[in-house]
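In numbering that gives the first Met the number 0, the protein residues as written are 0 to 669.
Just so you know, even glycine gets a beta-carbon here, dropped at the ideal spot from N, CA and C.
These numbers were taken from a predicted model, which means no experiment stands behind them.
Scroll down for the structure; my scribbles are underneath it.
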Amino acid sequence: MDGTIWIESTYDSSVNDATASGFVFNGGSFTTMSNYALTIQGGWNGVSGSSSIGSASIFSGDYLVVTNWNANVTINDIAMDGTSGSHGITVITNGAVNLSDVSVQNSALSGVYIDNRGGTEDVTISGTNNFSDNNNMGLLVYSRGDIFVSGVTASSNNLESGAFLDTASGSGNVSVSNSTFNGNGSNTDAHGIWVQSNGNVTLNYITANNNYYAGASVGNYNTDNFIGGNVFISNSIFNQNGLVADWDGLGVFALGDVEINNVTANENGYVGIWVGDSDNGTPNGGSVHIQNSTTNDNDYNGISVDTTGEILLKNVISNNNIGNDGVSLYNSNGTSEIIIINSQFNSNGDDGVDAYSAGSITLNNVIANGNLDDGADLENCGCAGTVGFNIFGSTFNNNGYAGLTFFTDGSVNIENTTANNNGVGGIGGDAFGDITVTNSILSGNQYGLGFATIGDVNIKCSIVTNNSIEGVGVLANNLNLIGSDISNNGIDSFNLSGPVNVFHYNCTPSGGNSNKPNGGTGLSLNIVQGNNADLDCDLYSGTVLILPNGNKVTFECPIGDSATLSPVLADRLPNALPENVEYVSGFVATTSPDGSDVALDGLVVVSFIIPDDMQGEDFAILYWDGTEWLDLDTATFDDGRKVFNGGYVTEDDYFEALTNFSGNFVLVTK
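Below is the structure:
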């Protein structure tokens, strides 16, 4: 039957068993007993029939071994110090192992060694435990079941890691919480905590500072071992690790997803947070999300990620990483995107953001100032179809080379962004689609904007001034300057391969969030509640025709003599809509004498009101070109017709597109 060995709290092995060097429970000798659960309970008050526990029982210079066991082993309230020639505690069993309120220090080998791989049971360490100042490791656990560790301090262990937890021989998960692993090791792969697992790994409220290699290694770079499941790391600190070995604060190598939240990894000898890309170049296998985290003052990158899945950085600060980039992000081995939101990457030794992706890249409210090279360097690999970049509300100032550089096989949309006083360029790059810059400011650079594309370049409602060599210089199909101030530059604007088209609009480029020009020559718009009107460009900057249901079209001057606008119901369309879209509303807009479906001299704003019950739907505006329905977001023409913006939601709940032609338009959901 199961048994408990009770050890009084007053017990001290150096006094009560002075001639002993250790205590061994060998199942090879206790063949019957080894089939039953064994509990070694220290701290007992010594009263018969009582189970009251006080201070821990002391093993001074003595080891404790339970080996060749076939059942559960529990050890509680034991304090060991100065074990010679052995681990402090050794447990080898086929059953579960439980430790609580155990201290093992100054052992000749490791503090605690546990191996229950003969079965599939769990290992649990709880309470308050101290496995510090041992010669090898503090805590060494092998299991095929789950490992649960909490309340552990494993610091200042001499040669190896503070803790090594391994479930890789089975499918068990590893969970570690409320634990500290500081100042461990002097050998290769001596980490604060090192985890190997085929399951999931969770670290929560971990402190791992000043270790010889990484603060935490989840998986392993040198041995190319990857966690089999997902990794979750939160509320943890990994500072000043690898200062001698040139290693990282936190290293994660996983086949699954990685979630990192509220983590600090500062002043480490190489990278603050490293995810994926082991010694043979193997990337991480899933998505990587890093949020609410800080990686400052590291010797190389603040964050390095190489993965096949999506990369999301949100509320991240990565400044003053002197050897290279604030963040270096790669996911070109898959098809997923990179998204960075509300984050700062300042004063780094190379780029603030270096991102290379097979998918799209989006930066929203990003600050990347004062970096030695570029504020942000973004690139598509061109290996996953046509994708592009979106930059919103971001700042790239005072960088050594350029504020923002890019290369993409898709289109680029830059809105409400500032790139001032950079050493060479404000924003520059190559694309295979249209490049649109809206409500942005480029000033005090040598080159304000410089682009090369087979599509059009659209500069809307922006200020490009006081750039010493060039304001806007492009190699493009068309350079369209819409309501922008391009002045006081060495050369204001030029297009080496096509025309420069200037549209004069009063759109207040330094403020507001509108995606469209909202005026004309300074005159007011003529608002007409009806389906026909004269177009008077002497008195008005343009004319708005509004249908009873709220749909409208705006003809900006200069445009011909008159215009009409008529609703088109679903059963009156010129042809059936494509599959997988649903009709919402439609109209046909025509000008005279020019007619529809031809390039006009002025802007045409196509506006469909969004029904109250359809807010948040995925909309598109389709255009009938005489033979098929075209989505304005991707439509191109070779006869002068242009789409400046294929569709966006306005503040007054319209879905709107910008063109230079009229015709038959339909709002659909996708």
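- With a beta-carbon spacing of about 20 Å, Asp408 and Asp373 fall beyond the 8 Å limit used to define contacts.
- Secondary structure of Val423 (DSSP, three-state): coil.
- By the C-beta density criterion, Leu568 is exposed, having fewer than 16 other C-beta atoms within 10 angstroms.
- If you look at Ser303, you'll find it in the beta strand (DSSP E) that goes Ile302 to Asp305.
- In this structure, Ile226 places its C-beta atom within 8 Å of the C-beta atom of Phe252.
- The three-state reading of DSSP puts Asp630 in strand, counting E and B together.
- Its chain contains Val148 and Leu202 as the residues whose beta carbon lies nearer than 6 Å to that of Val175, once the 5 sequence neighbours on both sides are disregarded; these appear in chain order.
- A distance below 7 Å between beta-carbons, with the five flanking residues on each side excluded, links Asn34 to the following residues of its chain, in chain order: Asn69 and Ala70.
- Boundaries of the beta strand (DSSP E) harbouring Val122: Val122 to Ser125, taken from the DSSP string.
- When only Cα atoms are considered, Thr435 and Asn412 end up about 5 Å apart.
- Under the DSSP assignment, Val597 falls outside any alpha helix (DSSP H); it carries neither an H nor an E label.
- In the DSSP assignment, Ala532 forms a beta bridge with Ala562.
- By the neighbour-count criterion, in which 16 or more other beta carbons inside 10 Å mark a residue as buried, Ser50 falls on the exposed side.
- Here Ser131 has Gln104, Gly137, Thr152, Ala153, Ser154, Ser155 and Asn156 as same chain residues with Cβ atoms under 7 Å from its own Cβ, once five neighbours each way along the sequence are excluded.
- Residue ranges of uninterrupted beta strand (DSSP E) with 3 or more members, entirely inside the region 259-297 and ordered along the chain, are 272-274 and 287-293.
- If the five residues before and after Glu266 are omitted, its C-beta is found closer than 6 Å to the C-beta atoms of Asn238, Gln239 and Asp296, all from its own chain and listed in chain order.
- Taking Trp5 as reference, the option from Pro282, Thr127, Ile77 and Gly26 with the minimal CA-CA separation is Ile77.
- Cα atoms of Ala375 and Ser168: separation of roughly 43 Å, rounded to the nearest angstrom.
- Asn75 counts as buried, since at least 16 other C-beta atoms from the protein chains shown sit within 10 angstroms of its C-beta.
- Spatial neighbours of Val527 in its own chain (CB-CB distance under 8 Å, excluding positions within 5 residues in sequence) are listed in chain order as Thr542, Val543, Leu544 and Ile545.
- Judged by beta-carbon spacing, Phe29 lies beyond the 8 Å limit of Val64, meaning their Cβ atoms are not closer than that value.
- Annotation for Val101: the continuous beta strand (DSSP E) segment containing it runs Val96 to Gln104.
- Across the structure, Thr119 and Gly144 are spaced so that their CA atoms are roughly 5 Å apart.
- Under the 10 Å beta carbon count, Ser483 is surrounded by 16 or more other beta carbons and is classified as buried.
- Distances from the CA of Phe388 to each of Phe395, Tyr400 and Phe406 were compared; the closest alpha carbon is that of Phe406.
- Looking at the DSSP output, Ser584 bridges to Leu666.
- Annotation for Thr394: Ile366 and Thr417 place their beta carbon closer than 6 Å to its own, counting only its chain and skipping 5 residues before and after.
- Membership of Ser178 in the beta strand (DSSP E) is indicated by the continuous run Val173 to Thr179.
- Contact between Asp223 and Thr281 holds, since their C-beta atoms are separated by about 6 Å, short of 8 Å.
- Separation of the CB atoms of Thr307 and Gly284 is rounded to 6 Å, and the pair is thereby assigned contact status at 8 Å.
- Just so you know, the alpha carbons of Gly639 and Ala598 end up roughly 5 Å apart.
- Apart from the 5 residues on each side of it in sequence, Asp1 sits with its Cβ closer than 6 Å to the Cβ of Tyr35 and Ala36 in its chain, given in chain order.
- Distances from the alpha-carbon of Ser59 to those of Val14, Val304 and Tyr539 put Val14 closest.
- For Ser149, the enclosing beta strand (DSSP E) covers residues Ile146 to Ser149.
- Shortest Cα-Cα distance from Ala475 to any of Val499, Ile468 and Ser461 involves Val499.
- Taking a C-beta distance under 8 Å as the contact criterion, Gly171 and Ser216 do not qualify as a contact pair.
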